[in-house]
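Let me begin by presenting the structure, written as structure tokens, before commenting on it.
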Amino acid sequence: MEALTVLGEIAPNGTEGDLWLTLDDVSAVARARRQTAALAHRLGFSETRTGEIEIVVSELASNVVKHARGGDLAIGVVRRGETSLLRVVAIDSGPGSRDIEALVTDGVSTSGTLGIGLGAARRLATSLDLYSVPAVGTIAEAQFADDSGSAPAPAVASLTRPLGGTGPCGDAVAYRELPEGHLVMLADGLGHGPLAAAASGRAVEVLLTSATTGPGALLAEIHRAIGSTRGAAVAVVRIEADAGRVVHASVGNVSARLVGHGRSRTLAAQPGIVGHRMPRLREQTEALNDALALVLHSDGVSDKWTLAGLPGVLGHGPGVLAAALLRDAAVHRDDASVLAVRTAR
Numbered sequence: 001m002e003a004l005t006v007l008g009e010i011a012p013n014g015t016e017g018d019l020w021l022t023l024d025d026v027s028a029v030a031r032a033r034r035q036t037a038a039l040a041h042r043l044g045f046s047e048t049r050t051g052e053i054e055i056v057v058s059e060l061a062s063n064v065v066k067h068a069r070g071g072d073l074a075i076g077v078v079r080r081g082e083t084s085l086l087r088v089v090a091i092d093s094g095p096g097s098r099d100i101e102a103l104v105t106d107g108v109s110t111s112g113t114l115g116i117g118l119g120a121a122r123r124l125a126t127s128l129d130l131y132s133v134p135a136v137g138t139i140a141e142a143q144f145a146d147d148s149g150s151a152p153a154p155a156v157a158s159l160t161r162p163l164g165g166t167g168p169c170g171d172a173v174a175y176r177e178l179p180e181g182h183l184v185m186l187a188d189g190l191g192h193g194p195l196a197a198a199a200s201g202r203a204v205e206v207l208l209t210s211a212t213t214g215p216g217a218l219l220a221e222i223h224r225a226i227g228s229t230r231g232a233a234v235a236v237v238r239i240e241a242d243a244g245r246v247v248h249a250s251v252g253n254v255s256a257r258l259v260g261h262g263r264s265r266t267l268a269a270q271p272g273i274v275g276h277r278m279p280r281l282r283e284q285t286e287a288l289n290d291a292l293a294l295v296l297h298s299d300g301v302s303d304k305w306t307l308a309g310l311p312g313v314l315g316h317g318p319g320v321l322a323a324a325l326l327r328d329a330a331v332h333r334d335d336a337s338v339l340a341v342r343t344a345r
């Protein structure tokens with residue numbers, strides 16, 4: 001009898017780690033369906049809604065196995081205010097498609113799958129974001145609330161993947177919504193495994209419970225809070241969309257970059273280890289100008305990535321952007337995480 005993997009405690013605002021499944025054969029489709037159903041039950045979703053989710057997951061996973069000859073599926077929970085949504089992201093490096101929207105037309109089904117077609121999948125999911133590039137691959141992000149109603153498009157999304165795809169992840173992300181925008185953080189606990197996860201998890205607790213919204217002050221709080229852990233690299237950014245700027249403070253090798261249709265801009269970090277060797281903090285302000293998104297990532301993702309091979313990706317949600325960068329730039333020898341924020345109103 002298959003043992004189902006259970007995700008950790010559900011935390012607010014996208015901070016729970018993702019469960020990763022390798023889609024390498026037909027049996028993986030059934031495994032993905034069972035794992036997703038287990039999470040849906042844990043979230044308290046109805047039997048009817050859980051069945052709808054299983055149908056969509058089977059369609060997405062089957063497409064990856066049959067057309068891309070393999071890929072990955074990430075399953076997790078995201079928070080939108082008081083609502084918990086189940087999220088599934090199917091990622092492949094297959095042949096892709098020039099016109100993936102044609103497959104969403106009613107009556108069109110993908111070869112060898114359940115035959116419901118992506119049009120029905122779009123109707124059953126609360127949201128479905130499809131992105132495909134010929135010879136690069138396809139990403140499908142589906143989110144599900146307990147009912148089939150609509151939900152506002154997310155401004156923040158993230159993916160975390162532990163070394164080897166299983167076990168605790170030493171990277172953690174968190175965010176808070178503010179009247180003027182968002183406050184986001186990515187923490188990379190030193191090393192990997194449970195001890196790294198303890199450091200980054202404590203940083204998440206500070207960000208979510210602190211009364212302050214200043215990135216420098218928050219980093220100082222995190223430094224005091226994780227002194228008994230092995231420490232972490234941490235970046236904290238406050239996005240003030242209405243004012244057209246970001247305020248940031250970063251220590252260690254977490255990368256932060258503003259991206260748009262022009263040249264991207266890297267936000268400077270200071271050397272050190274939060275919790276142990278903290279520099280004299282410098283809080284910096286950067287104008288958004290024409291930036292459309294902010295990207296934070298750990299050093300499990302190469303900082304040499306560009307968007308040149310991802311045409312149109314900034315027209316999709318931040319979850320697709322995070323998945324594309326994780327697929328194309330992860331180094332596979334460390335925990336890896338990407339957090340993406342839409343900066344334009």
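Per full-length UniProt numbering, the very first residue in the sequence shown carries number 1; after that it's consecutive. All C-beta atoms in this analysis are idealised placements derived from N, C-alpha and C, irrespective of residue type, glycine included.
| Item | Value |
| --- | --- |
| Taking Cβ positions, are G216 and A233 nearer each other than 8 Å? | no |
| Could you tell me the alpha carbon to alpha carbon distance between H41 and Q35, rounded to whole angstroms? | 10 Å |
| Do A30 and L85 have their C-beta atoms within less than 8 Å of each other? | no |
| Helix or strand or just coil, what does DSSP make of A291? | coil |
| One question on the structure: do R87 and V57 come within less than 8 Å of each other, judged by their Cβ atoms? | no |
| If we call anything under 8 Å between Cβ atoms a contact, is V89 one with A68? | no |
| Cutting at 6 Å between CB atoms, please list the residues of its own chain near V246, excluding the five before and the five after it. | V237, I239, E286 |
| Should D92 go down as buried or exposed, given a rule of 16 or more other Cβ atoms within 10 Å for buried? | buried |
| Within 8 Å, do at least three Cβ pairs link the stretch 218-229 to the stretch 307-314? | no |
| Can you list, in chain order, the residues of its chain with a C-beta nearer than 6 Å to that of Q270? Leave out the 5 residues immediately preceding and following it. | V251, P279 |
| CA-CA distance, A155 and G272? | 30 Å |
| Three Cβ pairs or more, each shorter than 8 Å: is that satisfied between the stretch 159-178 and the stretch 127-139? | no |
| What's the gap between the Cα of G115 and the Cα of R265? | Only weak support is given to the placement of G115: the predicted model assigns it a pLDDT of 42, under 50, and the question is left unresolved by the model. |
| List the whole-angstrom C-beta distance separating V254 from S210, where the pair is believed to meet the contact cut-off of C-beta under 8 Å. | At roughly 18 Å, the Cβ-Cβ gap does not stay under 8 Å, so V254 and S210 are not in contact. |
| Leaving aside the five residues before and after A37 along the sequence, list all residues of the same chain whose C-beta is less than 6 Å from its C-beta, in chain order. | T50, E54 |
| What residue range is occupied by the uninterrupted beta strand (DSSP E) comprising S200? | Note, S200: premise wrong, no beta strand (DSSP E); alpha helix (DSSP H) at 194-209. |
| Between the C-alpha atoms of G112 and S62, what's the straight-line distance to the nearest angstrom? | Residue confidence is low: G112 scores 40 on pLDDT, short of 50, so the model does not pin down where it sits. No coordinate-derived value is stated. |
| For the stretch 132-146 against the stretch 193-202, do three or more pairs of beta-carbon atoms, one drawn from each stretch, fall closer than 8 Å, so that the two count as touching? | no |
| Mind checking whether R208 and L218 have CB atoms under 8 Å apart? | Note that residue 208 is Leu in the sequence shown, not Arg. No; because the gap between Cβ atoms is not below 8 Å, this pair is not in contact. |
| What are the start and end residues of each continuous alpha helix (DSSP H) run of 4 or more residues lying completely inside the stretch 45-103, in chain order? | 47-67 |
| Would DSSP call N13 helix, strand or coil? | Model confidence at N13 stands at a pLDDT of 48, short of 50, so the residue's coordinates are unreliable; what they give is reported in the following sentence. Note: N13 maps to coil in three-state DSSP. |
| Give me the residue from R333, P179, S337, V331 with the minimum Cα distance to M185. | S337 |
| Which residues share a DSSP beta bridge with R265? | L258 |
| Which residue or residues does DSSP assign as beta-bridge partners of I239? | H182, V246 |
| Spatial neighbours of D328 within its chain, please: C-beta separation below 6 Å, excluding the five flanking residues on both sides. | none |
| Below 7 Å, is the gap between the Cβ of S158 and the nearest heavy atom of the ligand COA? | For the ligand COA, the structure offers nothing, since it holds no ligand at all. |
| Could you pull the DSSP bridge partners for S132 from this structure? | T138 |
| Would you check if the distance between the CB atom of T343 and the CB atom of A241 is smaller than 8 Å? | yes |
| Nearest to E177 by CA position, among G319, D72, V320, A157, is which residue? | A157 |
| In the DSSP assignment, what residue or residues form a beta bridge with L19? | I75 |
| Taking CB distances under 8 Å as the criterion, tell me whether T266 reaches chain C. | Among the protein chains of the structure shown there is no chain C, as only one such chain exists. |
| Please name the residue in V274, L258, A324 whose C-alpha comes closest to that of A268. | L258 |
| Within its chain, find whatever has a CB closer than 8 Å to the CB of G309; leave out the 5 residues flanking it on each side and keep chain order. | V133, V136, D328 |
| So, at 6 Å on beta carbons, what are the nonlocal neighbours of R98 in its own chain, with the 5 sequence-adjacent residues on each side left out? | P134 |
| List the endpoints of the continuous beta strand (DSSP E) containing R161. | 156-161 |
| Have a look at the DSSP bridge pairing and note the partners of G189. | A232 |
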